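Numbering (the working numbering), first residue to last: 368 to 994.
Written as structure tokens, this is what we have:
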């Protein structure tokens, strides 16, 4: 029959069998490949993939070292460490960072500033699985709340760490310095092994200079974690090595007294032990609380501090550069003696002003007025010093070879940083003809020397430099190098040369004793009638219980035009004169030498000298009482 198809069961059976065989062979082949892969993974590459698996559950965690403590000379703690809890996120362990932060914000206080700072830290270069701090200084209540809600907070860690703490708050900010959070730029310069897990770095003062010793060496621990990143067990520990403890020459009692004596005025006090160069006090006012940088502050807070017109972050003691005014006169006087330009017996007539030959410009004495030129009468070097006669030193400086004066002054440390372990100190400026030609394109004039003779013109010094100058007079010609470190647990890698400064040349022991006598007269010579007393006697010398030698200085900030008088009330505050006083005591065997600067404070004798007296009283009177 046409169109009919007859089934062939045998053929269909053969076709089915052949297809089944092909499928079977394919399945067997696939199973073979799979078994081969299993063999490769489980036998041939077992160790490789075991290590990879371990890396997913086994982590190396850094153990930062305990930072070394800082003490004053009497064992008072100036910088220690306190345990603090921080809230952090391991972003690799959570898929929704913003969501987790939102949940956290419902449990503890999270400010926009916290989030902004977190985002900044997150953007910095860091190690994988390294916790990124969201909030510091958690309270005990906040710790408890987070612990109860731990099951909801995947990728959240509450870390306990040791944070730097400064017990005296602002008192030692510019002396001891502070630590600050490590920045991305810092990471490029740090030893990545030694600083594993470290979040803070010494950025100023002693903390910066002795960073290597104070920091110590980081350790680590290998831990096994579960799927949520929680530690199941600690597998291995290499403990960190704590930083060294150090003791400084600083005297907390003296530092507090110097700060109190400043009474909130802008300026600085630097006190040295003239026997060793040890810095007994280093005060810069106004100051700031370094603990704020540890706990964290907002950009607004920092901007308010850094942009303040009074500059609390600026270390005036070592960075501030000012004209020294009359505190430079003893140096000029000794330069005159050493160069034989003058003698102790030479006299001039001080009529209240000085004029160079064939010039009309008048260089005035400090007591000059338009109505009464005043003047000091007949003055020799001694009288010129305790009465601070400008005219005598105008005349002397005009005759002194400028090259000799510059070279002689540099022996005291002018124009140089002579400190041993103080970071960031400015060198000041000791002007000379070469400097003036290079920087001003002008020759050196005699008028430049005249101004230099009373510590004005282009001469610039720091309070620390002037404390070094005071030490040179205290030691009769042997200036000292200011230093912070008194002792340490072990030798420090930051060890610096302790080589003393050279003896000032060209003078006899009698010259130094005569200069000390003149500086004693500044403080102690009184009851001599008008125009006969030492400039500081009325302010600090009437009831003093020991012998002090000193020199006041009042440095102009702006030039007063010829024929015009200085009227403080008509001058803006920041253009008023600076007040200076350098001193040492006891005069015959000094144990303290210091420099006081009050920015725009006015008279050195009336403003700066009482501050010096208070500091030296604090240092000496207890010793005198125990005799």
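Idealized CB from N, CA, C, for every residue including glycine. Just so it is clear, the structure is predicted and the values come from calculations on it, not from any experiment.
With a contact defined as Cβ atoms closer than 8 Å, residue 960 and residue 639 qualify at about 5 Å. Residue 559 has its alpha-carbon roughly 40 Å from the corresponding atom of residue 404. Around the beta carbon of residue 812, fewer than 16 other beta carbons sit within 10 angstroms, so the residue counts as exposed. The alpha helix (DSSP H) runs lying completely inside the stretch 660-712 and spanning 4 residues or more are 666-673, 696-705, given in chain order. Taking the Cα positions, residue 705 is about 21 Å away from residue 887. Looking only at 447, 530, 498, 910, the smallest Cα-Cα distance to residue 521 is reached by 498. For residue 854, the secondary structure class from DSSP, reduced to helix, strand or coil, is strand. For residue 487, the enclosing alpha helix (DSSP H) starts and ends at 479-490. Of the residues assessed, residue 616 falls on the buried side of the cut-off, its CB having 16 or more other CB atoms within 10 angstroms. Scanning its chain for C-beta atoms nearer than 7 Å, with the 5 sequence neighbours on each side dropped, one finds around residue 788 the residues 576, 850, 851, 852, 863, in chain order.
At least 8 Å separates the beta-carbon of residue 726 from that of residue 871. In the DSSP assignment, residue 405 is bridged to no other residue. Only exposed fits residue 875, as fewer than 16 other CB atoms lie within 10 angstroms of its CB. Distance between residue 966 and residue 482, taken at the CA atoms: about 41 Å. For residue 945, the enclosing beta strand (DSSP E) starts and ends at 945-952. For residue 652, the enclosing beta strand (DSSP E) has its first and last residue at 646-652.
Distance from residue 532 to residue 434 at the Cβ level is roughly 10 Å; contact not present, criterion being Cβ atoms closer than 8 Å. Excluding five sequence positions before and after residue 828, the CB atoms of its chain that fall closer than 6 Å to its own CB belong to 691, 795, given in chain order.
Rounded to the nearest angstrom, the gap between the Cα atoms of residue 885 and residue 898 is 16 Å. In chain order, 591 place their CB closer than 6 Å to the CB of residue 600, counting only its own chain and leaving out the 5 sequence neighbours on each side. If you draw a straight line from the Cα of residue 479 to the Cα of residue 620, it is about 41 Å long. Judged by DSSP secondary structure, residue 805 falls within the alpha helix (DSSP H) whose first and last residues are 800-807.
Residue 917 sits in a strand when the DSSP states are folded into three classes. Annotation: the continuous alpha helix (DSSP H) that includes residue 818 extends over 813-819. The three-state reading of DSSP puts residue 971 in helix, counting H, G and I together.
Ranking 554, 721, 890, 750 by CA distance to the CA of residue 714 puts 750 first. Close CB contacts of residue 464 within its chain, under the 6 Å cut and outside five residues either way in sequence, are with 458 (chain order). DSSP, reduced to helix, strand and coil, places residue 448 within a strand of the structure shown. Distance check between residue 845 and each of 900, 825, 780 places 780 closest, using alpha-carbon atoms only.
DSSP places residue 958 outside both helix and strand once states are collapsed to three, so it counts as coil. The three-state secondary structure of residue 583, taken from DSSP, is coil. The count of Cβ pairs closer than 8 Å, one atom from the stretch 815-835 and one from the stretch 908-925, reaches three, so the stretches are in contact. By the 16-neighbour rule on beta-carbons within 10 angstroms, residue 710 is exposed. Of all alpha-carbon atoms in 583, 675, 873, the one lying nearest the alpha-carbon of residue 859 is that of 583. When beta bridges are read from the DSSP output, residue 603 appears opposite 589.
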